[in-house]
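For the sequence shown, UniProt numbering gives the first residue as 1, with consecutive numbering after it. We put the beta carbon where it would ideally sit given N, CA and C, even for glycine.
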Amino acid sequence: MAKYSIFSIARNAFSHHRNWPRQWRSPDPKPDYDVIIVGGGGHGLATAYYLVKEHGITNVAVLEKGWLGGGNTARNTTIVRSNYLWDESAALYEKSLQLWEGLSQDINYNVMLSQRGVLNLAHSLGDVREGRRRVNANRLNGVDAEWLDEEQVKDFCPIINISRSARYPVLGATLQRRGGVARHDSVAWGYARAADARGVDIIQNCEVTGIRRDGDTVTGVETSRGFIGARKVALVTAGHSSVVAAMAGLRLPIDSHPLQALVSEPIKPVIDCVVMSGAVHVYVSQSDKGELVMGAGIDSFNSYGQRGSFHVIEHQLGACLELFPIFSRVRMMRSWGGIVDTCPDASPIISKTPVKGLYINGGWGTGGFKATPGSGWCFAHTVARDEPHALNAPFSLDRFTSGALIDEHGAAGVAH
Ligand SMILES: Cc1cc2nc3c(=O)[nH]c(=O)nc-3n(C[C@H](O)[C@H](O)[C@H](O)COP(=O)(O)OP(=O)(O)OC[C@H]3O[C@@H](n4cnc5c(N)ncnc54)[C@H](O)[C@@H]3O)c2cc1C
1 MAKYSIFSIA RNAFSHHRNW PRQWRSPDPK PDYDVIIVGG GGHGLATAYY LVKEHGITNV
61 AVLEKGWLGG GNTARNTTIV RSNYLWDESA ALYEKSLQLW EGLSQDINYN VMLSQRGVLN
121 LAHSLGDVRE GRRRVNANRL NGVDAEWLDE EQVKDFCPII NISRSARYPV LGATLQRRGG
181 VARHDSVAWG YARAADARGV DIIQNCEVTG IRRDGDTVTG VETSRGFIGA RKVALVTAGH
241 SSVVAAMAGL RLPIDSHPLQ ALVSEPIKPV IDCVVMSGAV HVYVSQSDKG ELVMGAGIDS
301 FNSYGQRGSF HVIEHQLGAC LELFPIFSRV RMMRSWGGIV DTCPDASPII SKTPVKGLYI
361 NGGWGTGGFK ATPGSGWCFA HTVARDEPHA LNAPFSLDRF TSGALIDEHG AAGVAH
């Protein structure tokens, strides 16, 4: 793999940047693999990378029905943080944040992690109590967290309106300074390039249409390019988790909803942190191009259509303008939707399944982008060793029968 560096940029400048090698190969599928990963989003590609890097398993294919990162990986608002309430989630998301912090060097690809600080606003006494509790819980778990009163919020983000007469007055906020944003496409492309360089076959335009079993053991997958055999199959299909799991006869405790986001026209730098409000359902940051990147709440109906309803973004923008009156004349440029797969406790599934050799990673709902490295790392361990790592053991499927749920609705940022 050609190393990306200032020297390679300078070298390629001589040929007007026309001779950069392709970032990954485009091989035909082999008849069988040790591991097939279904889904070429960030989580699937990270899983492939850590399977090779951490466990030495190289006979791996990633099958993607469209193009790499064409799912939620490239549809999200790119917020990265680890300030979840419960010990199990804090450990998983903090592992992920630590991997993010060294990721660009590890995969030799600039994922543009910008740790500019994430504020989670409180608008009611209930929010304040919940926020303070979460700050304390985070600190006990070694996650950086601070509580800011309304004046400190204003100091940190001067364009916020902290008037008490606002419909949703700002009463304070939690702050995670190590939180921020990263470039979503880069994460998929970086992991793809690094996995391909270590021998993983990345096969795009290859839809999995069935999962073949011999009794209770998986033997491979039916695809739009024919049958491909595998000793192990790992499902990482985000919004389509239930659809793909059903191919193996599994029924998941997952609801699928549209979640929308939008961006404004590019403007001069005006907000240098991330602001989230679970109460008004708006989260805002500014991209390097200058666009305001905003997320909304989920549409409450179930759907696989990658678009949402207008009233959701209308309400979101109404509330947003009370928080940020300065945005009142900014024009919105485009909006889009993705499908989020949501578990009843707003926590993910990284698990073995009742089918031998079949594993599932999904249910990340509205917040899986931040978990991409940690999710791939834990899932690779689970697939390679046929047992969960201590970090993801609490996120197994059996919690829905044992009742050991991990309720993260409060920290999820978006209510569902
Ligand atoms: C609008 C929006 C905003 C969000 N904002 C944030 C945020 O700010 N921070 C955060 O942490 N998270 C956020 N999320 C959630 C986050 O995007 C997801 O949890 C995460 O990207 C999931 O990654 P993934 O790799 O599992 O999924 P995906 O990128 O969706 O990858 C799954 C892949 O599986 C493929 N696939 C599906 N079915 C098949 C099949 N049958 N055969 C082959 N391939 C198949 C799909 O084409 C897709 O490419 C947001 C989501 C949305 C929609």
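| said: As a quick exercise: from G239, E207, N110 and V280, pick the residue whose alpha carbon is nearest that of S224. | reply: Per the C-alpha coordinates, the member of G239, E207, N110 and V280 positioned closest to S224 is E207.
| task | Return the CA-CA distance between H416 and S96, expressed in angstroms with no decimal places. | result | Confidence in H416 is poor, its pLDDT being 46 and thus under 50, which makes the residue's placement unreliable; the coordinate value appears in the next sentence. If I take the Cα positions, the gap works out to 23 angstroms.
| said: Determine whether the beta carbon atoms of G337 and P258 lie at a separation below 7 angstroms. | reply: In terms of Cβ geometry, G337 and P258 form a close pair [threshold 7 angstroms].
| task | Say yes only if the C-beta of K370 is nearer than 6 angstroms to one or more non-hydrogen atoms of ligand 1, and no if none qualify. | result | yes
| Taking DSSP as the reference, what is the three-state secondary structure of V274? | strand
| query | When the Cα atoms are used, what is the spatial distance from N59 to A195? | reply | 11 angstroms
| request: Going by CA-CA distance only, name the one from L148, L140, P325 and S242 that's closest to G131. | output: Comparing Cα positions, the closest option is L148.
| said: So within the segment 121-148, which uninterrupted beta strand (DSSP E) runs reach at least 3 residues, ignoring any that extend past its ends? | reply: 146-148
| From L292 to R212, what does the alpha carbon distance come to, in whole angstroms? | 45 angstroms
| Rounded to a whole number of angstroms, what is the C-alpha to C-alpha distance between V153 and R331? | 26 angstroms
| task | Using 6 angstroms as the cut-off, classify the Cβ of T237 as near or not near the heavy atoms of ligand 1, replying yes or no. | result | Checking every heavy atom of ligand 1 against the Cβ of T237, one is found closer than 6 angstroms.
| field | Residue ranges of each beta strand (DSSP E) within the segment 345-375, 3 or longer | value | 349-352 and 358-362
| query | Roughly how many angstroms separate the alpha carbons of L68 and V128, rounded to a whole number? | reply | Cα to Cα, L68 sits roughly 40 angstroms from V128.
| field | Where S264 falls: helix, strand or coil (DSSP) | value | strand
| Which two residues bound the contiguous beta strand (DSSP E) that contains T237? | T237 -> no beta strand (DSSP E), and no H or E assigned at all.
| request: Would you mind working out which of Y283, F400 and G210 sits nearest A248, comparing C-alpha positions? | output: G210
| query | Helix or strand or just coil, what does DSSP make of H416? | reply | Any reading at H416 is ruled out, since the residue's pLDDT is 46, under 50, leaving its predicted position unreliable.
| Contact check, T342 vs V38 under 8 angstroms by CB: the rounded distance? | T342 to V38, Cβ: 20 angstroms. No contact.
| query | On the three-state DSSP scale, how would you describe L323? | reply | L323 falls in the helix class under three-state DSSP.
| request: Take Q23 and list the residues in its own chain whose beta-carbon comes closer than 8 angstroms to its own, dropping the five residues that flank it on each side. | output: W189, A192, R193 and D196
| query | Using a threshold of 6 angstroms, is the CB atom of G117 nearer than that to any non-hydrogen atom of ligand 1? | reply | Because no heavy atom of ligand 1 lies under 6 angstroms away, the Cβ of G117 does not count as near it: no.
| Three-state secondary structure (DSSP) at P388? | coil
| field | Spatially closest choice to V355 from H240, H315, L235 and T401, by CA coordinates | value | L235
| message | Could you pull the DSSP bridge partners for A67 from this structure? | response | Ala is not the amino acid found at residue 67; the sequence shown has Trp there. Note: W67 sits in no beta bridge, so no partner.
| Are there 16 or more other CB atoms within 10 angstroms of the CB of E54, so buried, or fewer, so exposed? | By the neighbour-count rule (16 or more Cβ atoms within 10 Å), E54 is not buried but exposed.
| Proximity to S89 [Cα-Cα], best of A246, A2, K370 and D398 | K370
| field | Buried or exposed (CB count within 10 angstroms, at least 16 for buried), S82 | value | Label assigned to S82: buried.
| Could you give the residue range of the beta strand (DSSP E) that holds W336? | M332 to T342
| query | Considering only residues of the same chain and omitting the five flanking positions on each side of S165, which have a CB-CB separation below 7 angstroms? | reply | none
| said: Restricting to Cα atoms, I'd like to know which of K30, M1 and V35 is closest to K232. | reply: V35
| message | Short of 8 angstroms in beta carbon distance, which residues of its chain neighbour R11, apart from the five on each side in sequence? Order them along the chain. | response | Residues of the same chain with their beta carbon placed closer than 8 angstroms to that of R11 are lacking, with the five preceding and five following residues left out of the count.
| task | Determine, using beta carbons only, whether V111 and V187 come nearer to each other than 7 angstroms. | result | yes
| Presumed contact (8 angstroms Cβ cut-off) between A122 and L85, rounded CB distance | Between L85 and A122 the Cβ distance is about 14 angstroms, and since that is not below 8 angstroms, they are no contact.
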